[in-house]
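Colleague:
Chains as they are written, first to last, in the numbering used here: chain A, 491 to 780; chain B, 630 to 969.
Here you go:
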């Protein structure tokens, strides 16, 4: 039996490099202006799984992501770096899911992949920064969670020893398997794509993607079934509609406001000695400093 | 209406964490507005001074679970106790610090209770809501307000149907306010036998090094903060020098911390600490809303930036256009020349 690691990853808009055209004039987000990327801490999570695979020979890494059809890109990206197979959870019924509804859907997918020894994900995704889906999924799977992991110290058939990064220090904990681990950005960066794996998996597609291809892949896929990226819908997961999407999300967005800066009357100084001296003098005179 | 609960975090020193005291202060105000009670939950080893530490913040009830195995924090036993308590008490609102502990615990609870949780709120208010779809009117909901989508928008989140309405808040966002040093409430002891199973203690803590907070940017009256625009670790030395002569502290943006220019402890903003100093000198900071959320209450703001159009300049009292390495040394020089 293999040692199965499920890595949960998310494709996110790159909110770190928001340019001036990222917001439309009406104050809504211009998603088209933001590139979709592999959530950075999920890459740290993939690397942690790959390092466990380096340590022991029986590891199988399964990547699970939830999102629109194009999220298959991050599954391919994971295959190029050493993951063994991937599943895309995709269905319009998932639209509008908050973290609770998301963790419900993901936990059903992980359960389908049982028996598994570890579930690993990034601590949080940069589009929401909530860090909630990891612990919520662990609760739904009824397994222990180890958050903010930085390094795997040891892993056996029955437990894992992990160094955690806390706000003001570190903690080394030993947790029984299966456990869910969330990985902190201070963990090692993910290795680059492997050329051999890139060649092996470059024609990997989901069924949806194959339908859009002009070329016929039937022959190729008969020879190389591993190229198939599986898609799971609500029906495949046997999910209860009530717990999905908007209806399964207890949090509702009441209001969204574009950020409007309250303009102060700012005095603009140039970089010359007199102006800076005058500023420092006035700060001293008004007892702001000194 | 039911009561407001605040999870109080216990520190290595046997004190209640500042963030929890801040949440008690906010909880008190919300409780007054809703005309309900404020209840604190403390889970840890035995702490003799717990009542003196908590009651002055206007707390009506302390729920106390004490056992040597409950400190340091680990997820499953703390979650078991809170799930039990919440099922019995059915709180209206439950607040947690957005700390390593609170961000580990609150989602686990929210999942078990099937209720809504909003992370890193920068403001909490009470308000009504009319749901168009169902034509239903909700009174006195908790508005959970937070920047979202990389800080480009501010979202108001509500949980109309589920209870408790849960939120986490970073340290420094709310103000710590003692109501009365002589205020007393009642203490309810939680018997953990039957609530916490032995199997909840599966996680073994092998090693633990947690330091006392070294840098006190939250309490500093003068802050010299650097962003990614500072460029290098060496350039940060100018900021340290200026902070030293002004007797202030050095802060930083997330971009500077993520870029490895400076340690995480100094991070200011939505995912760092919130500060309200007399003087905030923003060096090479463009001014993303997550950063501004942590400093826009500063009394006086000086922005030093090569970009005249940096968003931070719009909230600055003074903007100096130029490079850090040219301007900061001049500020040091003219401060020294003019101070008595």
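Positions of the beta carbon are idealized from the N, C-alpha and C atoms, including for glycine.
Since the structure is predicted, the reported quantities are computational estimates derived from the model, not experimental observations.
Over the uninterrupted beta strand (DSSP E) stretch that includes residue 562 of chain A, give me the two end residues.
Modeller: No beta strand (DSSP E) contains residue 562 of chain A, which is instead part of the alpha helix (DSSP H) from 562-571.
Colleague: Considering only the alpha carbon of each residue, which of A:690, A:565, A:744 lies closest to residue 580 of chain A?
Modeller: Among A:690, A:565, A:744, the Cα nearest to that of residue 580 of chain A is on A:565.
Colleague: Between the Cα of residue 665 of chain B and those of B:734, B:769, B:869, B:700, spot the shortest distance and give me the residue it belongs to.
Modeller: The candidate whose alpha carbon is nearest that of residue 665 of chain B is B:769.
Colleague: Below 7 Å on C-beta distance, what does residue 638 of chain A contact in chain B?
Modeller: Residues of chain B passing the Cβ test: 729.
Colleague: Does the beta carbon of residue 770 of chain A come closer than 8 Å to any beta carbon on chain B?
Modeller: It does; some Cβ of chain B falls within 8 Å.
Colleague: How about residue 933 of chain B and residue 917 of chain B: do their beta carbons lie closer than 8 Å?
Modeller: No.
Colleague: Which residue or residues does DSSP assign as beta-bridge partners of residue 896 of chain B?
Modeller: Answer is B:881, bridged to residue 896 of chain B.
Colleague: Nearest chain A C-beta to residue 758 of chain B closer than 8 Å, yes or no?
Modeller: Interface residue, yes.
Colleague: Determine contact between the stretch 771-790 of chain B and the stretch 680-697 of chain B, defined as no fewer than three beta-carbon pairs at a distance below 8 Å.
Modeller: No contact exists between the stretch 771-790 of chain B and the stretch 680-697 of chain B.
Colleague: Suppose only complete runs of 3+ residues qualify. What are the beta strand (DSSP E) ranges in the stretch 606-659 of chain A, listed by chain order?
Modeller: Taking only runs of at least 3 residues, the beta strand (DSSP E) segments lying wholly in the stretch 606-659 of chain A are 608-612, 635-645, 649-656.
Colleague: What is the residue span of the alpha helix (DSSP H) that residue 728 of chain A lies within?
Modeller: Per DSSP, residue 728 of chain A belongs to no alpha helix (DSSP H) and is neither H nor E.
Colleague: How would you list, in chain order, the residues of chain A whose beta-carbon sits under 7 Å from the beta-carbon of residue 960 of chain B?
Modeller: Neighbours of residue 960 of chain B on chain A, chain order: 766, 770.
Colleague: If you drop the 5 nearest sequence neighbours on each side, which residues of the same chain put their C-beta closer than 6 Å to that of residue 748 of chain B?
Modeller: Once the five neighbours on either side are set aside, the close Cβ partners of residue 748 of chain B are 797.
Colleague: Measure the Cβ-Cβ separation of residue 536 of chain A and residue 503 of chain A and say whether it is below 8 Å.
Modeller: No, Cβ-Cβ distance for residue 536 of chain A and residue 503 of chain A is not below 8 Å.
Colleague: Please work out which residues of its chain come closer than 6 Å, Cβ to Cβ, to residue 540 of chain A, disregarding the five sequence neighbours upstream and downstream, and give them in chain order.
Modeller: Taken in chain order, the residues that qualify are 572.
Colleague: Does the Cβ-Cβ distance between residue 569 of chain A and residue 631 of chain A come in under 8 Å?
Modeller: It is not a contact, given that the beta carbons lie outside the stated cut-off.
Colleague: Pick from A:606, A:629, A:567: whose alpha carbon is nearest that of residue 590 of chain A?
Modeller: Out of A:606, A:629, A:567, A:629 has the C-alpha closest to the C-alpha of residue 590 of chain A.
Colleague: Which residue marks the beginning of the beta strand (DSSP E) containing residue 636 of chain B, and which one marks its end?
Modeller: That run of the beta strand (DSSP E) goes 633-637.
Colleague: Residues of chain A with CB under 8 Å from residue 837 of chain B, in chain order?
Modeller: Under the 8 Å cutoff, chain A gives 659, 660, 661, 662.
Colleague: Decide if residue 703 of chain B is buried, meaning its Cβ has at least 16 other Cβ atoms within 10 Å, or exposed.
Modeller: The residue in question, residue 703 of chain B, is buried, as its Cβ has 16 or more Cβ neighbours within 10 Å.
Colleague: If you check the beta carbons only, do residue 894 of chain B and residue 844 of chain B fall under 8 Å apart?
Modeller: Result yes, Cβ atoms of residue 894 of chain B and residue 844 of chain B sit closer than 8 Å.
Colleague: May I ask you to list the residues that DSSP assigns as paired with residue 857 of chain B?
Modeller: Paired residues: none, contrary to the question.
Colleague: Is any heavy atom of the ligand ADP found at a distance shorter than 7 Å from the C-beta of residue 844 of chain B?
Modeller: With respect to small molecules bound, the structure shown includes none, and the ligand ADP cannot be examined in it.
Colleague: Can you name the start and end residues of the alpha helix (DSSP H) that residue 577 of chain A belongs to?
Modeller: No alpha helix (DSSP H) holds residue 577 of chain A; the beta strand (DSSP E) holding it covers 575-579.
Colleague: What are the uninterrupted segments assigned as alpha helix (DSSP H) that are 4 or more residues long and contained completely in the stretch 819-851 of chain B, given in chain order?
Modeller: Within the stretch 819-851 of chain B, no complete alpha helix (DSSP H) run reaches 4 residues.
Colleague: For residue 789 of chain B and chain A, any beta-carbon pair shorter than 8 Å?
Modeller: Yes, because at least one Cβ of chain A sits closer than 8 Å to the Cβ of residue 789 of chain B.
Colleague: Could you tell me which uninterrupted beta strand (DSSP E) segments, each at least 3 residues in length, are contained entirely in the stretch 687-752 of chain B, listed from first to last along the chain?
Modeller: Counting whole runs of 3 or more residues, the stretch 687-752 of chain B contains the beta strand (DSSP E) stretches 690-695, 722-726, 746-750.
Colleague: Chain A partners of residue 831 of chain B, CB-CB under 8 Å?
Modeller: Residues of chain A passing the Cβ test: 634, 665, 666.
Colleague: Taking buried to mean at least 16 other C-beta atoms within 10 Å of its own C-beta, is residue 567 of chain A buried or exposed?
Modeller: So residue 567 of chain A ends up on the buried side.
Colleague: Taking only three categories from DSSP, how would you classify residue 758 of chain B?
Modeller: Strand, per DSSP.
Colleague: Assign residue 683 of chain B to one of three DSSP states: helix, strand, or coil.
Modeller: In the structure shown, residue 683 of chain B sits in a helix (DSSP, three-state: H, G or I).
Colleague: Round the Cβ separation of residue 734 of chain A and residue 577 of chain A to the nearest angstrom and send it over; I've been treating them as touching at under 8 Å.
Modeller: Contact doesn't hold; Cβ gap of about 17 Å is too wide.
Colleague: Can you tell me which residues form a DSSP beta bridge with residue 472 of chain A?
Modeller: This structure leaves residue 472 of chain A out entirely; chain A is present only between 491 and 780.
Colleague: Contact criterion: CB-CB distance below 8 Å. Does residue 646 of chain A meet it with respect to chain B?
Modeller: No - not a single Cβ of chain B is within 8 Å of the one on residue 646 of chain A.
Colleague: Look up residue 924 of chain B in the DSSP assignment and say whether it is helix, strand or coil.
Modeller: Looking at residue 924 of chain B - three-state DSSP - the assignment turns out to be coil, as it is neither helix nor strand.
Colleague: Ordered along the chain, which non-local residues of its own chain (more than five positions away) have a Cβ less than 7 Å from that of residue 719 of chain A?
Modeller: Around residue 719 of chain A: 562, 565, 576, 578, 694, 695, 696.
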